[in-house]
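All residue numbers for the sequence shown refer to this note's numbering, where the first residue is 12 and numbers rise by one.
Don't be surprised by glycine CBs; every beta carbon is placed ideally from N, CA and C.
Take a look at the structure set out below.
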Amino acid sequence: MTMPSALETPFDYIPFHRPDIGEAEVREVIEVLRSGWLTTGPKTALFEKNFANYTHAQHAIAVNSCTAGLHLVMVAFDIGVGDEVITSPYTFAATGETIIHAGARPVFADIEQDGFNVSVERIAAAITPRTRAIIPVHFAGEPCRMDEIRFLAQKHHLVVIEDAAHACGTIYKNTYVGNIGDATCFSFYATKNLTTGEGGMITTNNEKMAQRIRRLSLHGLSKDAWNRYTAHGNWYYEICECGFKYNLSDIQSAIGLRQLERYEEMQQQRFRLVKVYQEQLADVDEIILPPTPSFCRHAWHLFAIRLNLKLLSIDRDEFIRCLLRAGIGSSVHFIPLHLHPFYHDHFDYQVGDFPNAEKTYRSVISLPLYPLLSLNSVSYICATIRSLVQRYFKKQHHYLREVAF
Ligand SMILES: *Cc1c(COP(=O)(O)O)cnc(C)c1O
12 MTMPSALETP FDYIPFHRPD IGEAEVREVI EVLRSGWLTT GPKTALFEKN FANYTHAQHA
72 IAVNSCTAGL HLVMVAFDIG VGDEVITSPY TFAATGETII HAGARPVFAD IEQDGFNVSV
132 ERIAAAITPR TRAIIPVHFA GEPCRMDEIR FLAQKHHLVV IEDAAHACGT IYKNTYVGNI
192 GDATCFSFYA TKNLTTGEGG MITTNNEKMA QRIRRLSLHG LSKDAWNRYT AHGNWYYEIC
252 ECGFKYNLSD IQSAIGLRQL ERYEEMQQQR FRLVKVYQEQ LADVDEIILP PTPSFCRHAW
312 HLFAIRLNLK LLSIDRDEFI RCLLRAGIGS SVHFIPLHLH PFYHDHFDYQ VGDFPNAEKT
372 YRSVISLPLY PLLSLNSVSY ICATIRSLVQ RYFKKQHHYL REVAF
């Protein structure tokens, strides 16, 4: 493969993301639309069954988002007012907000110094008598240190709820994410590795909880609509508890079913692209590549590089503008939750509270990564980055490096 020059721009624009929806998904949706049953029904039941098989979890409950899933699980575990839930500040809005919706207080534990995931030592330091749960976030699809987190949870009788929005297909020490914590929540949002447009899935090996979560996902009714309206069902139901309207429709499950069928293939394409990024950026001192722990299979939802800002004369925002001028879309994951005005106003979090998260945020850029991206595009992105860091290196560092060699 020849490396295209960064100066000649052979591509129009490389978007940060493009969903990979095939003809199989289109046909499956049309079938549902013609079937006479649009909402939660046979397609959702099959999607749940196949997803449970894929993750090796005993139960899978489809929901209309990962956000809904996180909220439901906390309610099902009776987490509420007066409780504290520990999570990473380095996450999306949903993780913090669902803790608050459940009535509990979000307590942040900083991420590791040289990674994106929550520090187990910081979790341990944040545990109080009010702590009820830990929500590890598997950033980009890299698994958190689940053995240590589960050990801590057992010791302190805490529930482990995984935010696996990025981690569909992540394997941690021979176990699929979805089959590790007390409950795991996946996202099928438009940009996620497996998408239904909007959607989510909860997996658990706890049968009692699975039943409660399922009931809570549809108004706390004793029977779901599908069971009520089939020939063998009847019109009668009971409201057993105050539930939510969080079910996934068969239209969406139809997309998910076909996505899941092709999922390993789509993942293999991601892995090939990641390899090109890793090879072509390996010797760039100004870039820190994302960690790739050997004991796991990373799901590579994101390829998040960090800039070594000490070696550069421009900051992250300017770097993103340069990429854009070269026709490359990129993004930033994440603005740490405690830096948002809401968390400052309501929980008294301050700038400086989680220095690792803040430092990572200042230097991070997510590069395009999706199955429809070509290997040539990745080469072009890498060549562009190489030429940018050459143009914007800090002169004194360059001099020192030459002396050092
Ligand atoms: C996308 C995302 C969510 C929310 O997923 P939805 O399905 O959109 O509700 C939660 N956590 C993380 C880390 C995410 O990236």
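Next on the checklist: Which residue marks the beginning of the alpha helix (DSSP H) containing V285, and which one marks its end?
Outcome noted: The residue labelled residue 285 in the question sits at position 274 within the sequence shown. Its alpha helix (DSSP H) spans residues 274-292.
Item to check | Test item: CB-CB of V118 and I97 under 7 angstroms | outcome: Translated into the one-based positions of the sequence shown, residue 118 becomes position 107. Translated into the one-based positions of the sequence shown, residue 97 becomes position 86. Yes, they are a contact pair.
Checklist entry - With DSSP run on the structure shown, which of helix, strand or coil describes T152? => result Reading the sequence shown from its first residue, position 141 is the one you call residue 152. The question names Thr, but residue 152 is Gly in the sequence shown. Note: G152 maps to helix in three-state DSSP.
Checklist entry - Going by the CB atoms, is the gap between T206 and F426 shorter than 7 angstroms? => result Absent from the model: residue 426. The displayed extent of the chain is 12 to 416, so no value can be given.
Item to check | Every unbroken alpha helix (DSSP H) inside the segment 311-371 [4 residues or more] | outcome: 327-336, 352-358
Item to check | Integer Cβ distance of T186 from A68, believed to fall under 8 angstroms | outcome: Looking up residue 186 in the sequence shown gives position 175. Looking up residue 68 in the sequence shown gives position 57. That pair is no contact at about 10 angstroms.
Checklist entry - Counting along the chain, where does the alpha helix (DSSP H) carrying F62 start and finish? => result On the sequence shown, position 51 is the one that residue 62 refers to. That run of the alpha helix (DSSP H) goes 53-66.
Checklist entry - How many whole angstroms separate the CB atoms of F330 and L348, which I take to be in contact at a CB cut-off of 8 angstroms? => result Here residue 330 refers to the residue found at position 319 when the sequence shown is read from its first residue. Here residue 348 refers to the residue found at position 337 when the sequence shown is read from its first residue. Going by Cβ atoms, the distance from F330 to L348 rounds to 24 angstroms, so no, they are not a contact pair.
Next on the checklist: With the cut-off set at 7 angstroms, would you say A79 and F58 are in Cβ contact?
Outcome noted: As a working mapping, residue 79 is identified with position 68 in the sequence shown. As a working mapping, residue 58 is identified with position 47 in the sequence shown. Cβ atoms of A79 and F58: not closer than 7 angstroms.
Next on the checklist: Can you look up E19 in the DSSP assignment and give me helix, strand or coil?
Outcome noted: The residue you call residue 19 lines up with position 8 of the sequence shown. In this prediction, E19 has a pLDDT of 49, which is less than 50 and means its spatial position is unreliable; what the coordinates show is noted afterwards. Three-state DSSP puts E19 in coil, outside helix and strand.
Checklist entry - Cα separation between T181 and R308? => result Start at 1 with the first residue of the sequence shown, and residue 181 comes out as number 170. Start at 1 with the first residue of the sequence shown, and residue 308 comes out as number 297. Going by the C-alpha atoms only, they are around 5 angstroms apart.
Checklist entry - Between the C-alpha atoms of L313 and L232, what's the straight-line distance to the nearest angstrom? => result As a working mapping, residue 313 is identified with position 302 in the sequence shown. As a working mapping, residue 232 is identified with position 221 in the sequence shown. Cα-Cα distance, rounded: 38 angstroms.
Next on the checklist: In chain order, what are the residue ranges of uninterrupted beta strand (DSSP E) at least 3 long that sit wholly in the segment 111-179?
Outcome noted: 116-119, 142-146, 170-174
Item to check | Supposed close pair T102, D193 - CB separation, criterion 8 angstroms | outcome: For this step, residue 102 is matched to residue 91 along the sequence shown. For this step, residue 193 is matched to residue 182 along the sequence shown. Contact doesn't hold; Cβ gap of about 19 angstroms is too wide.
Checklist entry - In whole angstroms, what is the alpha-carbon distance linking P301 and S228? => result In the sequence shown, counting from the first residue as 1, residue 301 sits at position 290. In the sequence shown, counting from the first residue as 1, residue 228 sits at position 217. P301 and S228: Cα-Cα distance of roughly 36 angstroms.
Next on the checklist: Extract the residue ranges of the beta strand (DSSP E) inside the segment 175-218, only unbroken runs of 3 or more that lie entirely within it.
Outcome noted: 194-198, 211-215
Next on the checklist: Once the 5 residues before and after A415 are set aside, which same chain residues still bring their CB inside 8 angstroms of it?
Outcome noted: Residue mapping note: residue 415 aligns to position 404 of the sequence shown, counting from 1. For A415, the pLDDT reaches just 48, beneath the cut-off of 50, and the residue's location in the model is therefore unreliable, although a value from the coordinates is still provided. So no residue of the chain qualifies.
Next on the checklist: Can you find the residues in the same chain that come closer than 6 angstroms, C-beta to C-beta, to F62, ignoring five residues on each side of it along the sequence?
Outcome noted: As a first step, residue 62 is located in the sequence shown; it is residue number 51 there, counting from the start. These residues qualify, in order along the chain: A71, M212.
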